[in-house]
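> In this text, residue positions in the sequence shown follow numbering that gives the first Met the number 0: the first is 0, and each later residue adds one. All C-beta atoms, glycine included, are put in the ideal place defined by N, C-alpha and C. Okay, here's the structure, questions in a sec.
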Amino acid sequence: MKLASLPFPELQQRLRHEGVDLFMPPYKVRLRSHLRSVAEELHRLYADFSLLNEPGARDFHIRLFDPSLLRRLFKRQVQFALDEFLPFKPLPFDQAHAMLEWGLNWCIGNRDQTHLIMHAGVVALGNHALVMPAESGSGKSTLSAALSREGFRLLSDELCLWQLGTRTVTPVPRPISLKNQSITLMQQRYPDAVFSRTALDTRKGTVAHMRPDGASIEAAHQAATARLIVLPRYQADSEIIWQRVKPEDALTFCISQSFNYSVLGEAAFDTMLTVLRQTPVYSLRYSSLNDIIPFLKNQLQREIDACS
């Protein structure tokens, strides 16, 4: 049963009381909140995700709530809790839906020790993945969003989940984070896409999230093999600049973008070596989505053909 089939009043009722259990591949999440804005954005952005009706353990128990009764009357805030642990300070109330997404990223990056988790966008042609590790502000989420609407399936715009000891990536498709000018760009380029309301004045600027396409969610049980790693950087008015990255530089950068590398230790190092020994790494500068989308599709297809 998909969340979209749950009437909104019933969704609100469940969120306020026993909670809503969602399968966010590969994780099982229980979410509770009395906040209407959380229910609205959940209904809008997670419509294609499956509800969990069977009893059993959940990976994350999450609650979003007002941290203070007094704050409901003056400068209302929202708090995120994982198993009643508070990893963040409260945020302004109108950032509740963004806080949910940031909090979920934190849960995965800090609690999942079965994968090496890297800050990267990941898309795929079939089961052949293009992995894009990058620092915040590089444009990787915007690029991931565009590629996911242009024939690629979305594995994630934020988190690459490497299966330990392999170059296999576990999909974790969720709403795509867009910031500032990228929001308008994606809304104009893909008018049929579904977007959250906009959160203003966040620590990342203006933020909105784009609903992942249903096909990517349906295919989330299909892992993908990394065939190409690209370190992207949007640069206004730049032509496409495509350069091979030295293995030692690629290793240093990929380690710097990994959330749990130090926790996993030797297993993380071995995984990175396995990935980089088998997967070419390039740096990329670009400015035009119209140019870079077919370019990346061609580059990935070349690597796929070389393996067949």
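(1) Just checking, does the region 97-116 make contact with the region 138-148 on the three C-beta pairs under 8 Å criterion?
(2) Considering Gly204, what are the terminal residues of the alpha helix (DSSP H) in which it resides?
(3) Measure the alpha-carbon distance for Pro279 versus Leu90 and round it to whole angstroms.
(4) Using the rule of at least 16 other Cβ atoms within 10 Å of the residue's Cβ for burial, across every protein chain shown, is His16 buried or exposed?
(5) What is the residue span of the beta strand (DSSP E) that Phe22 lies within?
(6) Could you pull out every residue in the same chain whose Cβ sits closer than 7 Å to the Cβ of Ser237, ignoring the five residues on either side in sequence?
(7) 7 Å is my cut-off, CB to CB: does Met98 come that close to chain B?
(8) Helix, strand or coil, according to DSSP, for Ala145 in the structure here?
(9) Exposed or buried, which one is Thr169 when buried takes at least 16 other CB atoms within 10 Å?
(10) What distance in whole Å lies between the Cβ atoms of Arg29 and Arg57, which are believed to be in contact at a cut-off of 8 Å?
(11) Would you decide whether Thr183 is buried or exposed? Buried here means 16 or more other CB atoms lie within 10 Å of its CB.
(12) Taking the alpha-carbon positions, what's the Phe22 to Val193 distance?
(13) Runs of 4 residues minimum, wholly inside the region 219-269: which ones carry the alpha helix (DSSP H) assignment?
(14) Using the Cα positions of Leu388 and Ser176, report the straight-line distance between them to the nearest angstrom.
(15) Where does Glu157 land, buried or exposed, given buried means 16+ other C-beta within 10 angstroms?
(16) For Val244 versus Ser215, is the C-beta distance shorter than 7 Å?
(17) Specify, as a first and last residue, the run of the beta strand (DSSP E) that Pro132 falls within.
(18) When the Cα of Ala80 is compared with those of Ser307, Pro66, Lys74, which residue comes out closest?
(19) If Gln112 sits next to Asn259, beta carbons under 8 Å apart, how far is it from one beta carbon to the other, in whole angstroms?
(20) Any contact of the region 5-12 with the region 153-167, i.e. 3+ C-beta pairs under 8 Å?
(21) Determine the DSSP secondary structure at Ser181, reduced to helix, strand or coil.
Quick answer:
(1) no
(2) Unbroken run through Gly204 is the beta strand (DSSP E), 204-209; no alpha helix (DSSP H).
(3) 41 Å
(4) exposed
(5) 19-23
(6) Arg284, Tyr285, Ser286
(7) Of the chains in the structure shown, none is chain B; there is only one protein chain.
(8) helix
(9) buried
(10) 4 Å
(11) exposed
(12) 20 Å
(13) 246-255, 260-263
(14) Any property of residue 388 remains undetermined from this structure, which presents the chain solely from 0 to 307.
(15) buried
(16) no
(17) 127-132
(18) Pro66
(19) 6 Å
(20) no
(21) helix
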